[in-house]
Structure formats: C-alpha cells, structure tokens
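Numbers given in this note's numbering equal positions in the sequence shown, counted from 1, plus 9. First the structure, in the form of structure tokens, and then the observations on it.
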Amino acid sequence: MQSMQSYFRTLATALPHITDCTLMQTRQYKAVVVNGNVTKAIRLLNTHMKEEKLVDKWRATQVYIKPSHQRVIQQKETKKKLNRQNFKTMMYWVMQAKSRGF
Numbered sequence: 010m011q012s013m014q015s016y017f018r019t020l021a022t023a024l025p026h027i028t029d030c031t032l033m034q035t036r037q038y039k040a041v042v043v044n045g046n047v048t049k050a051i052r053l054l055n056t057h058m059k060e061e062k063l064v065d066k067w068r069a070t071q072v073y074i075k076p077s078h079q080r081v082i083q084q085k086e087t088k089k090k091l092n093r094q095n096f097k098t099m100m101y102w103v104m105q106a107k108s109r110g111f
C-alpha cells in the first residue's frame, strides 16, 4: 500500500508542471476514491494521462532527443495509427459481408 501512495504522490507532483505546448493551458484531473478503492482511482487517472499523452510530453522535456530519433518515433506512431485505421475498416467490411451471408 505504501508504494501506491508514493506513486500517487509522484503523479500529483508531476501533473501541475505538464502543459500542452500548443494550447498553453493545464488540465487538472481529479480521481474520486469511492469506498476506499484507491486502485480504481489510480487506473482512472492513468487512463486520462494516456489519452492526453501527458507522460510522453513530460518525458520529452526531461531528456534531449535527437531530431533524427524524433522523426523515427513519429514515423512509427503514424504507421501504428494507419494500421489501426486499416484494421478497423477491414473489420467493418468483414462484418458487413458476414451480415449479408458471405
């Protein structure tokens, strides 16, 4: 239990320093603990952080990344995004064909 509390404290201290460079605003997320269920609140907070990519932005400011490596990372992310979109369209096509009886 002590490790979760220290993890939560580090997240709470890291959040105010993270800003979105394009919007220049900070967002504060509150995780409500219901019936002492701290793990569910931490999971909810982590999902918000993943959606906003806050950890990636925070890590990017911590160390220097060479521009060539940034391009490689960006190419991998766009490839992953395109693969996800292609998979969704393929699954849509398969489900439509299956509903027609093929």
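C-beta: ideal position from N, C-alpha, C; glycine also. From a predicted model like this one, the values you see are computed outputs, not experimental measurements.
Proximal residues to Val64 (C-beta, below 8 Å), its chain only, five neighbours per side dropped:
Met58
Three-state class that DSSP yields for Lys88 in the structure shown
helix
Hey, how far is the Cα of Trp102 from the Cα of Val43?
42 Å
Delimiting residues of the alpha helix (DSSP H) encompassing Ile51
47-61
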